[in-house]
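Engineer:
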Amino acid sequence: MKSTAICISLGRDNIKETLLDLKEAEKSADIIEVRIDYMKDINESTLEELLKKRTKPIIITIRKTDEGGRFSGSEEERLNLLKKSIRLKADYVDIELSSGEEIISSLIENKENTKIICSYHNFKETPGKIKSIYGRIKKLKPHIIKIVTFGESINDNFKHFELLKNNKNLISFCMGLKGQISRILGAKYGSFLTFASLSNDSKTAEGQIAIEDLIDLYNINLLNKNTKILGVTGSYAENSLSKYMHNVNFREQGENYTYIPFKTEKEDLEEFMKNFKKFNFFGSAVTIPHKIDIIKYLDDIEDRAKKIGAVNTIVNKDGKLTGYNTDCKGAIDALSKKTELKDRKVLVLGAGGAARAICYGLKEKEFSVIIANRTEERAMKLAEELDMKICPLEDIYKYNYHIIINTTSIGMYPHINESIVEKDFLKGKVVFDIVYRPMMTKMLRDAIAVGSTVVEGYEMLLYQGIEQYKLWTGKEPSENLMRKILFEQLGKE
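Just add 126 to wherever you are in the sequence shown, counting from 1, and you've got the working numbering.
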């Protein structure tokens, strides 16, 4: 049985649309919050109509403007509506701590059958004193305590996790994009409820997650105190497609894991890794810009990742963090599906982190590799490390290759009509572009037009993800399911 309820928050400006949304929300929510402060036609009559037509518990919230709400009436009018909600047997009413202890105590004393939620909001930051704020509210003896702050850093979420671990009948999380992990993981740490929006277009707070994503993507109804936490650590973690691949497999295979974005800036990485260990997060993918910097915070690193000099996967085994690199194998596996991996001459375009991982994999297969990069110095450094050759970008057309691999960002959205090489040069070759947004880059379109074999970038994403899944769970995921999910997501873009 799940310990955390899902509450859909509704914010319509009239009773008609509110009732329509209420009917829809009741299909998937355990509780519905109605933001009365959004409604222009609210009065005692419409309030009574709303409460009569509910089939699930309702929270009546009339948020004042200095607490991020929209109520334009007087404080006396607001409090009268809250009192009327209690007389009409609302399941819950929300009253802010800033309303004053006397008013809060009066509501609690006259609560009848209604449960009182006393809430604190900070829309600028997550103060270090949230434990003392909790203590202040607890003295007032409401049924539920709610503490919501703004997440300036991913590390702010852990202050809420600490609070949730030690207290019951508590709602505690961060707002904002960097606070989304606390909206999801509240279900692991015992939050009384977590808020969701009915859709991506109807959010009532920054960072709110649509109900469809909470249930179908993050498997929130399956999360509990034993759930193992995985994710992707990076500055743009929210853009990663890996959450779709992994979470569907976890659900299909009955694995008690969830995979979420850990949006982490460079300046937050060290503290995040301390929290990662302290809260026993089970593992993470690693993406831009942390693949190198994260190494210093690990206890061990596998030989391949050590030689490549970059980590894209972390496994936490009994408190010991080990780094791996699955990009290398992912690229080689993608290539192997389209061509024989022997006696091949390869041109690698680019000399960044992805090129480094791919070149190492090519070296393991004893390929003859030439590296070409806009900045020749970077190409030379990589070539010297791996005993490969370099070629000035303008001279690549002088030689013949079996395989061409683009590891640069050229052709990536929004520059979808750019290619790093001329169309005719691709004829008769295997062409691999690691860019997967869009799925079919100009380079790949050109290669198909001249009859060449192509390897799409999403194939590398797929196969490196399969390796990660095996490292974390010790099991084989469904490749077909992962591929289907990737196709669906990329097809939406």
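Using N, Cα and C, we set each Cβ at its ideal position, and we do this for glycine too.
Of the choices T320, K265 and I256, whose alpha-carbon is the least far from that of I230?
Structural biologist: When each option's Cα is compared against that of I230, the closest is K265.
Engineer: Could you pull the start and end residues of the beta strand (DSSP E) that V374 belongs to?
Structural biologist: Per DSSP, V374 belongs to no beta strand (DSSP E); it is in the alpha helix (DSSP H), S368 to Q379.
Engineer: Closest by CA to E391, which one among G445, S361 and Y385?
Structural biologist: Answer by Cα proximity: S361.
Engineer: Helix, strand or coil for E622? Go by DSSP, reduced to three states.
Structural biologist: Missing from the structure shown is residue 622; the chain here goes from 127 to 619 and no further.
Engineer: Once the 5 residues before and after E428 are set aside, which same chain residues still bring their CB inside 6 Å of it?
Structural biologist: Answer for E428: Y450, listed in chain order.
Engineer: Look at the alpha carbon of Y589 and the alpha carbon of A457, and state the distance between them as a whole number of angstroms.
Structural biologist: One C-alpha to the other measures close to 7 Å.
Engineer: How close, in whole Å, do the beta carbons of K515 and I496 come, if the pair is a contact with beta carbons under 8 Å?
Structural biologist: Confirmed, about 5 Å.
Engineer: In the DSSP output, what is Y246 paired with across the bridge?
Structural biologist: Partner(s): I273.
Engineer: On the criterion of 16 or more Cβ atoms from any shown chain inside 10 Å, does G554 qualify as buried, or is it exposed?
Structural biologist: G554 comes out exposed.
Engineer: Would you mind reading off the limits of the beta strand (DSSP E) that contains E159?
Structural biologist: Its beta strand (DSSP E) spans residues I157 to R161.
Engineer: For the beta strand (DSSP E) that contains T187, what are its first and last residues?
Structural biologist: Counting along the chain, the beta strand (DSSP E) containing T187 begins and ends at I184 to T187.
Engineer: I need the DSSP call for N442, collapsed to helix, strand or coil.
Structural biologist: Looking at N442 - three-state DSSP - the assignment turns out to be strand.
Engineer: Nearest to V219 by CA position, among F197, E338 and S211, is which residue?
Structural biologist: Checked all of F197, E338 and S211; the closest Cα to V219 is S211.
Engineer: Just to check my reading of the structure: R504 and A436 have Cβ atoms closer than 8 Å, yes? What is that Cβ distance to the nearest angstrom?
Structural biologist: With 8 Å as the limit, R504 and A436 do not qualify as a contact, their Cβ atoms being about 14 Å apart.
Engineer: Please identify the residue among N526, V412, D147 and E203 whose C-alpha is closest to the C-alpha of E170.
Structural biologist: For the residues N526, V412, D147 and E203, the minimum Cα distance to E170 belongs to E203.
Engineer: Below 8 Å, how does it come out for the stretch 516-524 and the stretch 462-471: are there three or more Cβ pairs, yes or no?
Structural biologist: Not touching, per the Cβ criterion.
Engineer: Kindly indicate the opening and closing residues of the alpha helix (DSSP H) around A411.
Structural biologist: Here A411 belongs to no alpha helix (DSSP H); instead the beta strand (DSSP E) covers G409 to V412.
Engineer: I need the straight-line Cα distance from G254 to P564, nearest angstrom please.
Structural biologist: Approximately 43 Å between the Cα atoms of the pair.
Engineer: Rounded to whole angstroms, what's the CA-CA distance from L349 to L587? Just pull it up for me.
Structural biologist: When rounded, the distance between both Cα atoms is 26 Å.
Engineer: Is the separation between the beta-carbon of S368 and that of A411 shorter than 9 Å?
Structural biologist: Yes, these two residues count as a Cβ contact at 9 Å.
Engineer: Suppose only complete runs of 3+ residues qualify. What are the beta strand (DSSP E) ranges in the stretch 432-500, listed by chain order?
Structural biologist: Segments of the beta strand (DSSP E) lying fully in the stretch 432-500: 439-443, 446-450, 471-475 and 494-498.
Engineer: Within 9 Å (strictly less), CB to CB, does I242 reach chain D?
Structural biologist: As a matter of chain content, chain D is missing from the structure shown, which is built from one protein chain.
Engineer: Answer yes if the stretch 372-383 comes into contact with the stretch 599-614, meaning at least three C-beta pairs across the two stretches below 8 Å, and no otherwise.
Structural biologist: Contact between the stretch 599-614 and the stretch 372-383 is present, because at least three Cβ pairs lie under 8 Å.
Engineer: Are the Cβ atoms of Y562 and G591 separated by less than 9 Å?
Structural biologist: No, they are not a contact pair.
Engineer: Tell me whether the beta-carbon of L475 lies closer than 9 Å to the beta-carbon of T533.
Structural biologist: Taking 9 Å as the Cβ cut-off, L475 and T533 qualify as a contacting pair.
Engineer: Confirm, please, whether the CB-CB distance from S258 to V274 is below 9 Å.
Structural biologist: In this structure, S258 does not lie closer than 9 Å to V274 by Cβ.
Engineer: What does the alpha-carbon distance come out to for the pair R138 and L340?
Structural biologist: Between R138 and L340, the C-alpha separation is close to 21 Å.
Engineer: With DSSP collapsed to three states, give me the class of D429.
Structural biologist: Here D429 sits in helix by DSSP.
Engineer: If you draw a straight line from the C-alpha of F249 to the C-alpha of I271, how long is it?
Structural biologist: Taking the straight line joining both Cα atoms gives about 17 Å.
Engineer: In three-state DSSP terms, what is T320?
Structural biologist: Residue state, collapsed to three classes: strand.
Engineer: Please state the DSSP three-state secondary structure of M538.
Structural biologist: Coil.
Engineer: Taking the alpha helix (DSSP H) that L616 falls in, what are its first and last residues?
Structural biologist: Where L616 is concerned, the enclosing alpha helix (DSSP H) stretches over E605 to G617.
Engineer: Tell me, which residues are paired with Y624 by DSSP?
Structural biologist: Beyond the ends of the chain as shown, which are 127 and 619, falls residue 624; an answer cannot be given.
Engineer: Would you mind sorting N442 into buried or exposed? The rule is 16 or more other CB atoms within 10 Å of its CB.
Structural biologist: Per the 10 Å Cβ criterion, buried.
Engineer: Compare the beta carbon distance of D192 and L319 with 9 Å and say whether it is the shorter of the two.
Structural biologist: For D192 and L319, no; Cβs fall outside 9 Å.
Engineer: Would L148 and I158 be called neighbours here (beta carbons separated by less than 9 Å)?
Structural biologist: Their beta carbons are under 9 Å apart, which means L148 touches I158 by this criterion.
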